Each structure stands twice: as structure tokens, then as C-alpha cells.
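Below is one structure, written out as C-alpha cells; comments come after it.
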Amino acid sequence: MPEVAVTIGSALAFARGRIPASEARMFLCRLLGIGAAQVAAYPERNLAAEQAAHYAAWLERRAAGEPMAYILGEREFYGRSFQVGPAVLIPRPETELIVDLVRARIRAGSAPRILDLGTGSGALAVTLALEIPDALVTAVDLSPAALDVARGNAARLGATARFIVSDWFSAVDATAFDFIVSNPPYIADADPHLKEGDVRFEPRTALASGPAGLDDLRRIALDALSFLVPGGWLLMEHGYDQAAVVRDLLVSSGFQEVASAMDLAGIERTSYGRRP
Ligand code: GLN
Numbered sequence: 321m322p323e324v325a326v327t328i329g330s331a332l333a334f335a336r337g338r339i340p341a342s343e344a345r346m347f348l349c350r351l352l353g354i355g356a357a358q359v360a361a362y363p364e365r366n367l368a369a370e371q372a373a374h375y376a377a378w379l380e381r382r383a384a385g386e387p388m389a390y391i392l393g394e395r396e397f398y399g400r401s402f403q404v405g406p407a408v409l410i411p412r413p414e415t416e417l418i419v420d421l422v423r424a425r426i427r428a429g430s431a432p433r434i435l436d437l438g439t440g441s442g443a444l445a446v447t448l449a450l451e452i453p454d455a456l457v458t459a460v461d462l463s464p465a466a467l468d469v470a471r472g473n474a475a476r477l478g479a480t481a482r483f484i485v486s487d488w489f490s491a492v493d494a495t496a497f498d499f500i501v502s503n504p505p506y507i508a509d510a511d512p513h514l515k516e517g518d519v520r521f522e523p524r525t526a527l528a529s530g531p532a533g534l535d536d537l538r539r540i541a542l543d544a545l546s547f548l549v550p551g552g553w554l555l556m557e558h559g560y561d562q563a564a565v566v567r568d569l570l571v572s573s574g575f576q577e578v579a580s581a582m583d584l585a586g587i588e589r590t591s592y593g594r595r596p
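Structure below.
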């Protein structure tokens, strides 16, 4: 950045060709604490030296491919802002489907026990705890660093949940849950998608799962039944082409009422089944 007289207009011009204009505007909104309309309306407004320095550093990181969510330190999920960093997967809109599916299965007046496997940022656990006020939520993750992020989000958003370091069910006591939810890693180890875009910066343990991406989905499907009450539900997110395989896994693991639900893009994204 030039040393002197950085304005909104010159900052946007400086970004041109390096990062998308929409992202440059997001940086300015954040730095100046103003909305997109003001960024557009006041190109002559000056940035303080410190704001200009931040802007230049963020632009550099973004141009090097780092995800916006990590640079800004937050991502929205189900209408709430979650703090995120490189220890956790960035919440995706399609994962909101699991929240809707659980909400649709809640019986009024019940206090459902819910387990979130591989909670990461806590997006699912915290959202379920807030959307279902009587819910008793347990969230596990193999990564203590991820659990710190999840705990922070729970505290900031006012959600109550129990957080446990656990390799899937290994440290979960024999509680019987009404719902087990998970957005596990489900990308094939050799999938070129792992080398593209935001995904390159996200924890590999949250993304890749064996030669077909099915290792963790299979483990969870096999073990979940004994952690559910009769009539309890397991719901798992999976890849765009895995629905039929995951339904088979659920059926062969002893689940009934097995089906899949589509995300907003029309892709079968979450499959679920019920303990008999
Ligand atoms: N949906 C993510 C992606 O394809 C992957 C998330 C996951 O593996 N759970 O980028």
C-alpha cells in the first residue's frame, strides 16, 4: 500500500486484480466498522495508518489463498456468528440441514439428549443447544484445539453443552442419546478437491477419511446404535455421491427408516436412520 492518504477508493483500487472486489469491501467493512453501503458511498474516506496496514496484510493473506473465514476469524452458521481458525473446519451452509432435520424430529416437551461427533467449531452442537432449549448436548472432538474453539463459541453465544476430547465414541460414557449427529470427514484421501481453495488451509483430519472417504462414516454407523435410545436417530452429513452407500451402511448396521435429505443445492447431503 502507498504510505500516505489511503482512502476507501484507493484501497479498493489497490485490491483490483488481486482479490475479488466483494472481499476487499468485506475487509473495509470490518476495519472501519461500517456497512457495505457506506463503503460504496464514501470512496474519499481516509483509513487510519493502522487500518491501512491491516488491510494490506489481510489482502496479502487472501491473495495467497487463505480462507476469508480464517482471516476475519468468523463465519455465520444458522444465523449466528461462529469464531473459527485453522484448528477447525469452516462451517458450511449445507450442514444447517442437520439442524433442520433434528428440529423436525423433536417431540414437544421432551429434553432430548444430543451427541455431536467431531464438533469442530461447535457449529452443530451450539446451534442445537440454542434452537432446542431443553436439549442436553454433548460435543466431542479428537482435537483439544478444536474443542477450545467450540467452547469459546458456546460461551459467547450463551449455549450450554458438555465438551469431551474423544475419538468418536471412545470417551463417551454409556449415556443413551436421542440424537447423534455428525459432519465427519468424508473426502477420499486422493481427491484433488483437497488441494483446492479454502480446503487447503483446513485441518486434514476434518476432511479426508480413507481411500473412498467412507472410513469415519462407516465407523460411526457401526458404533452408533448402542449409544442411542430405541427410536433414537443418527444423522450424518456425507459427500455428494455417497448417499446410497451411507444408506446401505445404516441399514447393514441395523438402522430403520433409513433415508437421505437434500441440501439447498439439491444434493443428497445427509442420511439418517432410526434405532428400532
Ligand atoms: N463439505 C466439505 C467440502 O467438500 C467437506 C466437509 C467434510 O468433509 N465434512 O469441502
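With the first letter of the sequence shown counted as 1, position 36 gets the number 356 in this note's numbering; the numbers rise by one all the way through.
For each residue, glycine too, the CB sits at the ideal point set by N, CA and C.
These numbers come from a predicted model, not from an experiment.
Asked	Found
Cβ-based burial, G593 [other Cβ within 10 Å; buried from 16]	buried
Backbone secondary structure at Y375 - three-state DSSP	helix
CA nearest to the CA of T415, picked from S430, P406, G399 and A335	G399
Cβ-based neighbour list, A491, same chain, cut-off 8 Å, excluding 5 preceding and 5 following	V460, I484 and V485
Cutoff 7 Å; reference Y390; Cβ partners in own chain excluding five residues on either side	V404, G405, P406 and F521
Exposure label - L584; buried when at least 16 CB within 10 Å	exposed
C-alpha gap between L542 and E386, whole angstroms	36 Å
Closer than 7 Å: I507 CB and nearest the ligand GLN heavy atom	yes
Rounded straight-line distance, which links the Cα of A455 to that of V359	42 Å
Contact check, S580 vs S591, beta carbons under 8 Å	yes
Per DSSP, the bridge partner or partners of F397	R400
E588: CB within 7 Å of a non-hydrogen atom of the ligand GLN	no
Element boundaries [alpha helix (DSSP H), containing Q576]	Unbroken run through Q576 is the beta strand (DSSP E), Q576 to M582; no alpha helix (DSSP H).
Test item: CB-CB of E557 and I418 under 8 Å	yes
Entirely enclosed beta strand (DSSP E) segments - the stretch 507–559, minimum 3 residues	548–557
Option in A331, R365, I339 and L435 with minimal Cα separation from L548	L435
Closest by C-alpha distance to I328, when choosing among L352, I339 and G337	L352
Beta-carbon proximity of E451 to R423, cut-off 8 Å	yes
V549 Cβ short of 7 Å to the ligand GLN heavy atom set	no
Residues near G552 in its chain [Cβ-Cβ closer than 8 Å; skip 5 each side]	A496, F497, D498, F499, I500, R594 and R595
Contact test: H374 Cβ vs the ligand GLN heavy atom, cutoff 7 Å	no
When M388, N366, V326 and G478 are compared against G517, the one with the closest alpha-carbon	M388
Per-residue DSSP class, three states only, for E588	strand
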